[in-house]
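Participant: First the structure, then my questions, so here it is.
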Amino acid sequence: MSNRTFTMIKPDATSKGYTGAILDQIIKAGFSIKAMKWIKLSHAQAGEFYAVHKERVFYGELVDFMSSGPIVAAILEKDNAVADFRTLIGATNPANAEEGTIRKRFAASIGENAVHGSDSDENAAIEGSFFFSGLERF
Ligand code: GDP
């Protein structure tokens, strides 16, 4: 079990001014920030990040959305980071997310769902390395 995960605060949440409140909830839940940047993905970069979803019907919409505005990318540390962060953010569709989760509080729809959280230790490492060099993580 690794103790790091990777997150993005997505363009819907940054544009609505939720960045501070989401970071506050993440930190209060016991995660510490090991790397962080405010960045806007190009269409090609968003397509590469989500290449695993290439065959899904929503891939085009997802890539358009994720390159539509700035995001916050971050590497987070905590015991059991991947699973605990998925619990903190809630279900993919905010309509099904538990009360108090980040997606329940801040997301509008299954597509524009405020935050990303890695689904495995392996993907957390791959996704963190997509955004951060060794010099940018602590
Ligand atoms: P996650 O692990 O909870 O983020 O969910 P998935 O890995 O299944 O999907 C990745 C991302 O694709 C989600 O967080 C959504 O932003 C987006 N997504 C998933 N399902 C849909 C959908 O039905 N429509 C659209 N537009 N986007 C979706």
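Every position in the sequence shown, counted from 1, becomes a number in my numbering once 182 is added.
Beta carbons are placed, not taken as given, at the ideal position from N, Cα and C, and that holds for glycine.
Only a predicted model underlies this, so the values are computations on that prediction, with no experimental measurement involved.
Going by CA-CA distance only, name the one from SER300, TYR232, GLU281, MET248 that's closest to VAL264.
Facilitator: SER300
Participant: Given 7 Å as the limit, tell me if GLY251 has its C-beta closer than that to any heavy atom belonging to the ligand GDP.
Facilitator: no
Participant: Just to confirm, is the Cβ distance from THR292 to ILE284 under 8 Å?
Facilitator: Correcting the residue type first, residue 292 is Ile in the shown sequence and not Thr. Cβ distance not < 8 Å, so ILE292 and ILE284 don't count as in contact.
Participant: Tell me the DSSP bridge mates of ALA256?
Facilitator: Beta-bridge pairing by DSSP links ALA256 to THR189, MET218.
Participant: How would you label ARG238, buried or exposed, when you count the other beta carbons within 10 angstroms and need 16 or more for buried?
Facilitator: exposed
Participant: Per DSSP, what kind of secondary structure is VAL264 in: helix, strand or coil?
Facilitator: helix
Participant: For SER240, verify whether its CB is less than 7 Å away from any heavy atom of the ligand GDP.
Facilitator: It is Phe, not Ser, that sits at residue 240 in the sequence shown. Checking the Cβ of PHE240 against the ligand GDP gives yes.
Participant: The alpha helix (DSSP H) with VAL245 in it runs from where to where?
Facilitator: 241-248
Participant: Where TRP220 and PRO252 are concerned, what is the direct C-alpha to C-alpha distance, given to the nearest angstrom?
Facilitator: 7 Å
Participant: Considering just the uninterrupted stretch of the alpha helix (DSSP H) at GLY229, what are its terminal residues?
Facilitator: 225-231
Participant: Given the structure, does ASP246 come close to the ligand GDP, in the sense that its CB is under 7 Å from one of the ligand's heavy atoms?
Facilitator: no
Participant: Roughly how many angstroms lie between the CA atoms of GLN207 and HIS298, to the nearest whole one?
Facilitator: Distance between the alpha carbons of GLN207 and HIS298 is about 14 Å.
Participant: Is ARG186 near GLU243, with beta carbons less than 8 Å apart?
Facilitator: no
Participant: Nearest to PHE313 by CA position, among GLU230, TYR200, PHE240, ALA273, is which residue?
Facilitator: GLU230
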